[in-house]
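**Student:** Per full-length UniProt numbering, the very first residue in the sequence shown carries number 10; after that it's consecutive.
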Amino acid sequence: NKQVILRDYVNGFPKESDFEVRTSKVRLNVAEGSKSVVVKNLYLSCDPYMRSRMRNLTGSYVPPFTPGSPITGNGVARVIDSGHPNFKKGDLVWGLTGWEEYSLLTEPETLFKIQHTDVPLSYYTGILGMPGLTAYAGFYEVGSPKEGEYVFISAASGAVGQLVGQFAKLKNCYVVGSAGSKEKVDLLKNKFGFDEAFNYKDEQDLDKALKRCFPDGIDIYFENVGGKMLDAVLLNMKLHGRIPVCGMISQYNLEETEGVHNLFCLITQRIRMEGFLVFDYYPMYPKYLDMVLPLIREGKIKYVEDIADGLENAPKALIGLFSGRNIGKQVVLVARE
Ligand code: NDP
């Protein structure tokens, strides 16, 4: 059983050498009387929140990884043995699993059974999984969008951002995204239908870039990066604007968060800035699937994935999120069916 191990807790930017890929023996059946399941992992999801699990933080909303053991994260898997009444051999599931070829999962209740297989299975790590629900809940529930509003999204070509932009276009909003390369900017404009996009690394002055794209201001800022971008956006929000705070990836590897100076704009513009965690919205998952599956099937929504081949490439794929190496949703292919 090939496994990805975190060697020790990490300060600063994570490196490939913080991980080890090793092989161990595995038991492929469930013990008598146990309600566990054994799964064969097919796809693993690389998600930015996993960075917080590489620190020994207590009191976080997710527990830290255990150094020396395989890390865990969302994935798509096939059940190969089950002691649980809800799951049988052969079922496809997505949810929390191990970064290894086979996993013994002791809390199968947390897994979602995959019912629709006419779409790529890897989508259950992205548009049909946690990031999809994040985009949906963050935009519709937290952002409270109205037709025709002005929407700005950072990390816009990523797993979550590309969907928020497309949901906003379906709501007839004017949509602008920022991303970290020309290739990503082209994707935003040509594939996902954003009205405008810019490479934040090429802009000397983010405030100017935002004023160029939004001469009349922003109604909704879908916040994925924090730091300097947030500070510049605050100066460009319209009256009664909303900022769903999804993530702040620019801060995850810093020992001290970078100062944001323009928070007073929350008052002058009566902005509602609200953090959210997707886990609170899991009960909405079936409703989200009902909305998004037809859009995928009809080609009304596009999803770009970046698939790394093989568990041995998983550490590189995961840490690549923090330098923008990924183009679209970062997935690791562990095994074809
Ligand atoms: P992405 O697929 O967007 O990958 C991360 C991207 O972030 C990179 O490709 C890179 O794109 C960008 N990035 C990395 N470092 C920086 C930096 N220093 N400054 C600016 N941009 C940077 O990830 P997801 O779509 O999965 O996640 C997006 C955000 O949503 C994250 O902040 C994540 O933590 C958050 N999230 C929150 C959830 C919640 O429940 N609240 C659930 C899921 C995700 P680029 O090349 O454009 O810089």
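Beta carbons: idealized from backbone N, C-alpha and C, even for Gly. The model shown is predicted, which means the values in this text are computed figures rather than measured ones.
Hey, would you say the C-beta of Pro-295 is under 7 Å away from at least one heavy atom of ligand 1?
**Tutor:** False, no ligand heavy atom lies under 7 Å from that Cβ.
**Student:** Near Asn-65, what residues of its chain come up, given a Cβ to Cβ distance below 8 Å and the 5 sequence neighbours on each side ignored?
**Tutor:** Excluding sequence neighbours, Asn-65 sits near Tyr-18, Pro-73.
**Student:** Can you tell me the Cα-Cα spacing of Gly-170 and Tyr-209, whole angstroms?
**Tutor:** So the alpha carbons of these two residues sit roughly 15 Å apart.
**Student:** Report the option in Asn-20, Val-13, Arg-16 whose CA atom is closest to the CA atom of Glu-265.
**Tutor:** That would be Asn-20, whose Cα lies nearest to the Cα of Glu-265.
**Student:** Check whether the Cβ atoms of Ile-229 and Gly-152 sit closer than 8 Å, and answer yes or no.
**Tutor:** Yes; because the gap between Cβ atoms is below 8 Å, this pair is in contact.
**Student:** Out of Leu-215, Met-257, Glu-314, which one is the CA nearest neighbour of Ala-164?
**Tutor:** Here the closest residue by C-alpha is Met-257.
**Student:** I need the straight-line Cα distance from Arg-60 to Pro-76, nearest angstrom please.
**Tutor:** So the two alpha carbons sit approximately 13 Å from each other.
**Student:** Pop quiz: Gly-84 and Thr-134 are said to be a contact at Cβ under 8 Å. What is the actual Cβ separation, rounded to whole angstroms?
**Tutor:** Yes, they are in contact, since the Cβ atoms of Gly-84 and Thr-134 sit about 7 Å apart, within 8 Å.
**Student:** What distance in whole Å lies between the Cβ atoms of Asn-262 and Phe-331, which are believed to be in contact at a cut-off of 8 Å?
**Tutor:** Phe-331 to Asn-262, Cβ: 6 Å. Contact.
**Student:** Return the bridge partner residues of Pro-253 from the DSSP annotation.
**Tutor:** BP columns for Pro-253 point to Glu-283.
**Student:** Smallest Cα separation from Glu-118: which of Glu-110, Pro-129, Gly-104?
**Tutor:** If we check each option's Cα against that of Glu-118, Gly-104 comes out closest.
**Student:** What are the residues that DSSP puts in a beta bridge with Ile-162?
**Tutor:** According to DSSP, which records beta bridges pairwise, Ile-162 is partnered with Gly-186, Phe-231.
**Student:** Check for me: the beta strand (DSSP E) holding Val-46 runs from which residue to which?
**Tutor:** First-last of the beta strand (DSSP E) with Val-46: 46-54.
**Student:** For Tyr-51 versus Leu-120, is the C-beta spacing smaller than 8 Å?
**Tutor:** Residue identity differs from the one stated: residue 51 is Leu in this sequence, not Tyr. No.
**Student:** Ile-34 by DSSP, collapsed to three states: which one?
**Tutor:** Rather than Ile, the amino acid found at residue 34 in this sequence is Lys. Coil, per DSSP.
**Student:** With a threshold of 7 Å (Cβ to nearest heavy atom), would Gly-189 be considered close to ligand 1?
**Tutor:** Yes - ligand 1 has a heavy atom lying nearer than 7 Å to the Cβ of Gly-189.
**Student:** Answer yes if the segment 264-278 comes into contact with the segment 295-312, meaning at least three C-beta pairs across the two stretches below 8 Å, and no otherwise.
**Tutor:** Counting Cβ pairs under 8 Å, fewer than three are found: no touch.
**Student:** As an exercise, report each continuous beta strand (DSSP E) stretch of at least 3 residues that is fully enclosed by the segment 88-113, in chain order.
**Tutor:** Within the segment 88-113, the complete beta strand (DSSP E) runs of at least 3 residues are 101-107.
**Student:** How about Ser-45 and Gly-92: are their beta carbons less than 8 Å apart?
**Tutor:** Yes; because the gap between Cβ atoms is below 8 Å, this pair is in contact.
**Student:** In the DSSP assignment, the beta strand (DSSP E) including Lys-11 goes from what residue to what residue?
**Tutor:** Segment 11-15, the beta strand (DSSP E) holding Lys-11.
**Student:** So the candidates are Pro-324, Met-300, Gln-339, Tyr-290; which of them puts its Cα closest to the Cα of Glu-314?
**Tutor:** If we check each option's Cα against that of Glu-314, Gln-339 comes out closest.
**Student:** What number of angstroms, rounded off, separates the C-alpha of Asp-100 from the C-alpha of Gln-124?
**Tutor:** Cα-Cα distance, rounded: 9 Å.
**Student:** Looking at the secondary structure, which residues open and close the alpha helix (DSSP H) in which Gln-260 lies?
**Tutor:** Run containing Gln-260: none; DSSP gives neither H nor E here.
**Student:** Val-287: which of Gly-141, Lys-220, Gly-167, Ile-80 sits nearest, CA to CA?
**Tutor:** That would be Gly-141, whose Cα lies nearest to the Cα of Val-287.
**Student:** May I ask you to check if the CB of Met-269 is nearer than 7 Å to at least one heavy atom of ligand 1?
**Tutor:** Before going further, note that residue 269 is Val rather than Met in the sequence given. Every heavy atom of ligand 1 is 7 Å or more from the Cβ of Val-269, so no.
**Student:** So residue 430 packs on Phe-201, CB below 8 Å; how close in whole Å?
**Tutor:** Here the chain has residues from 10 to 346 only, and residue 430 is not among them.
**Student:** Restricting to Cα atoms, I'd like to know which of Gln-260, Pro-253, Arg-251 is closest to Gly-236.
**Tutor:** With distances taken between Cα atoms, Gly-236 lies closest to Gln-260.
**Student:** Any heavy atom of ligand 1 closer than 7 Å to the Cβ of Asp-211?
**Tutor:** Every heavy atom of ligand 1 is 7 Å or more from the Cβ of Asp-211, so no.
**Student:** Between Lys-155 and Phe-96, what straight-line distance do the alpha-carbon atoms span, to the nearest angstrom?
**Tutor:** Distance between the alpha carbons of Lys-155 and Phe-96: 41 Å.
**Student:** May I ask you to report which of helix, strand or coil DSSP gives Asp-315?
**Tutor:** If DSSP states are grouped into helix, strand and coil, Asp-315 belongs with the strands.
**Student:** Going straight from the alpha carbon of Glu-150 to that of Asn-38, what length do you get?
**Tutor:** Each residue's alpha carbon lies about 42 Å from the other.
**Student:** Determine the contact status of Arg-31 and Ile-14, defining contact as a CB-CB distance below 8 Å.
**Tutor:** Closer than 8 Å, so yes.
**Student:** Would you decide whether Phe-22 is buried or exposed? Buried here means 16 or more other CB atoms lie within 10 Å of its CB.
**Tutor:** That one is exposed.
**Student:** Strictly by DSSP, which residues pair up with Val-85?
**Tutor:** Val-85 is bridged to Tyr-52, Trp-103.
**Student:** Output the residue ranges of the beta strand (DSSP E) runs that lie fully inside the segment 183-227 and measure 3 residues or longer, sorted by chain position.
**Tutor:** Segments of the beta strand (DSSP E) lying fully in the segment 183-227: 183-188, 205-208.
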